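As structure tokens, the structure follows; a few thoughts come after it.
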Amino acid sequence: MQDESGVAEREQAWLRRIAEGDRAAFEQLYRATAARLLGICLRVLHDRAEAEDVLQEVYVSVWRKAPQFSPDKSSAMTWLASIARHRAIDRLRATPSLAAWQPVQLPEPEADPDATPGARAEADSERSQLDRCLRQLDARRRTLIRTAFFDGATYEDLAQRTGSPLGSVKSWIRRGLLQLRACLES
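Numbering (the working numbering) for the sequence shown: 64 to 249.
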């Protein structure tokens with residue numbers, strides 16, 4: 064039975080092979096991660112067609128940037144999620160009609176069919192811990208962090224929405240992230 068560290072190692076191995084031009088590894092990585100990355104794109108863009116289009120750009124970037132991946136800096140999934148989030152935000156900024164989105168209720172993400180029961184339990188535990196730590200933040204920081212990281216709002220957007228100085232918004236988010244980190248590490 065493969066645990067979550069095995070999944071992370073497998074994803075890292077695929078990225079190493081992709082950096083060497085291995086198309087089979089690229090296909091395996093795509094099959095294992097596309098659903099999660101599409102979910103990230105959907106949360107930012109709120110438009111399935113746009114999210115699917117951005118997802119394609121994400122994997123083109125992965126193919127090109129695989130040699131830049133460093134397992135010392137982040138896990139493979141964190142690196143992939145960061146690319147997806149940034150690509151989706153770039154698309155949101157470049158397409159004014161997407162910026163005026165109406166919130167939609169997305170279905171719960173499907174469980175990863177390849178995940179072991181242990182990996183699913185670990186993911187559920189991590190989600191619960193993140194929710195618990197978010198609830199410990201004051202309302203302003205919690206709202207800013209959720210809006211920035213789950214809805215893809217920029218610091219500038221948040222400053223404008225709240226009528227607060229840009230520096231204050233950045234400071235509140237930074238302090239909130241530090242509190243989250245401390246809570247998650249405890």
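Glycine included, C-beta positions come from ideal geometry on N, C-alpha and C. Model, not experiment: these values are computed from the prediction.
How big is the Cα-Cα spacing for A88 and D153?
If I take the Cα positions, the gap works out to 27 Å.
* With R204 and G239 assumed to form a contact (beta carbons below 8 Å), what rounded beta-carbon distance in angstroms separates them? -> Right, the Cβ-Cβ distance comes to about 3 Å (below 8 Å), so this counts as a contact.
### Query
What is the C-beta distance between A18 and L108, in whole angstroms, given that I count them as a contact (C-beta under 8 Å)?
The chain is shown only over 64 to 249; residue 18 falls outside these bounds and no answer can be derived.
| request: May I have the straight-line CA-CA distance separating R209 from Q75, to the nearest angstrom? | output: When the Cα atoms are used, R209 and Q75 turn out to be separated by approximately 28 Å.
With 16 other CB atoms within 10 Å as the buried threshold, where does A202 fall? Flag for A202 reads exposed.
Between which two residues does the alpha helix (DSSP H) containing E120 stretch? Residues 111-128.
Can you tell me where the alpha helix (DSSP H) with D153 in it begins and where it stops?
In the DSSP annotation of this structure, the continuous segment of the alpha helix (DSSP H) that includes D153 starts and ends at 139-157.
Quiz item: Exposed or buried, what is G215 when buried is set at 16 or more other beta-carbons lying within 10 Å of its beta-carbon?
Solution: Within a 10 Å sphere around the beta-carbon of G215 sit 16 or more other beta-carbons, which makes this residue buried.
CA nearest to the CA of G84, picked from A95, E113, W126: Per the Cα distances, W126.
Checklist entry - CB-CB under 7 Å to S138, same chain, minus the five flanking residues each way: which ones, in chain order? => result Taken in chain order, the residues that qualify are A71.
Just the C-alpha distance for T96 and W77, rounded to the nearest angstrom, thanks. Roughly 11 Å between the two C-alpha positions.
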